[in-house]
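Numbering (UniProt numbering) for the sequence shown: 1 to 233. All C-beta atoms, glycine included, are put in the ideal place defined by N, C-alpha and C. Nothing here was measured: the structure is a model prediction, and the numbers come from that model.
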Amino acid sequence: MERKREKLTITEWAVEDRPREKMMLHGIRALSNAELLAILIGSGNVDETAVELSQRILNSAGNSLNNLGKYGIDDLVKPFKGIGEAKAITIMAALEIGRRRRDEELPRRPEIVGSADVYNLLRGQMIDLPHEEFWVLLLNRANRVIDTLRVSQGGTSATVVDVKLVMRSALQQLASALILCHNHPSNNLSPSTADDRVTGKIKSAAALFDIAVLDHIIVGEEGYFSYADEGRL
1 MERKREKLTI TEWAVEDRPR EKMMLHGIRA LSNAELLAIL IGSGNVDETA
51 VELSQRILNS AGNSLNNLGK YGIDDLVKPF KGIGEAKAIT IMAALEIGRR
101 RRDEELPRRP EIVGSADVYN LLRGQMIDLP HEEFWVLLLN RANRVIDTLR
151 VSQGGTSATV VDVKLVMRSA LQQLASALIL CHNHPSNNLS PSTADDRVTG
201 KIKSAAALFD IAVLDHIIVG EEGYFSYADE GRL
């Protein structure tokens, strides 16, 4: 009589077949629904691995996460050996998070059409400052804001800008364009020689990576100066 083959536990599987290890090796999108569910429940029962138990749970819901999302605690605990209240609650909580994420409206990135958009976006953060701050807007190809970064803070009349930090942020976030912005606490909107110099340095550095510098805005309490509007870029 042929001897029954012993069942492998999940820890005896090849590393690339274990859900957590597979995720680390190939990313979370490489996992099946059953493998994702297995990570949530952590363990199976004496007859099934966590993945096998998870697949059976999914089968009971017609392999539909939407159907599974309608399950209550009793629907998970009573039919499935190895699923107690704690595991059932974990499954239900994860599916509820997924539902809320789906229903949540994606934030729309602000679009920059002209200098007034930049001023309106940053004015509230800069007009009451007693010191100078230098900010950079990172834009995508559609001129929508990817991120807004404060890159330096200085004294009442100047701030030192590290061009390397500006470019590192732009490259890390794959920006297609930059808009520079800083405030003048004195409310004198005329650009200084130092303002011209840092504008030129960042523009030259950005050009090496085909990143455009679209404007440099100087913010004051009652208005602003735009390098682009004044033809100084």
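Euclidean distance between Cα positions of residue 72 and residue 20: Position 72 of the sequence shown, counted from the first residue, corresponds to residue 72. Position 20 of the sequence shown, counted from the first residue, corresponds to residue 20. The straight-line gap from Cα to Cα measures roughly 26 Å.
Less than 9 Å separating the beta-carbons of residue 131 and residue 191? As a working mapping, residue 131 is identified with position 131 in the sequence shown. As a working mapping, residue 191 is identified with position 191 in the sequence shown. No. Outside cutoff.
Is residue 127 helix, strand or coil when you go by DSSP? Mapped onto the sequence shown, residue 127 falls at position 127. The answer is coil: DSSP assigns residue 127 none of H, G, I, E or B.
Proximity of residue 233 and residue 208 at Cβ, strictly below 9 Å: Working through the sequence shown from its first residue, we reach residue 233 at position 233. Working through the sequence shown from its first residue, we reach residue 208 at position 208. Against a cut-off of 9 Å, the Cβ pair of residue 208 and residue 233 comes out as no contact.
Mind checking who residue 150 pairs with in its DSSP beta bridge? Position 150 of the sequence shown, counting from 1, holds the residue named residue 150. For residue 150, which the question treats as bridged, DSSP gives the partners 135.
Counting C-beta neighbours from all protein chains within 10 Å, is the total for residue 199 16 or more, i.e. buried, or is it exposed? Here the question's residue 199 lines up with position 199 in the sequence shown. With 16 or more Cβ atoms within 10 Å of its Cβ, residue 199 is classed as buried.
Please report how far the alpha carbon of residue 253 lies from the alpha carbon of residue 159, in whole angstroms. With the chain covering only 1 through 233, there is no way to say anything about residue 253.
Can you tell me which of the three DSSP states residue 26 falls into? Here the question's residue 26 lines up with position 26 in the sequence shown. Here DSSP, grouped into helix, strand and coil, assigns residue 26 to helix.
Locate the beta strand (DSSP E) running through residue 219, then write down its first and last residues. Within the sequence shown, residue 219 is the residue found at index 219, counting from 1. Looking at the DSSP string, the run of the beta strand (DSSP E) that includes residue 219 is 212–219.
Based on the DSSP secondary-structure assignment, which residues constitute the bridge partners of residue 180? As a first step, residue 180 is located in the sequence shown; it is residue number 180 there, counting from the start. Within the DSSP secondary-structure output, residue 180 pairs in a beta bridge with 136, 216.
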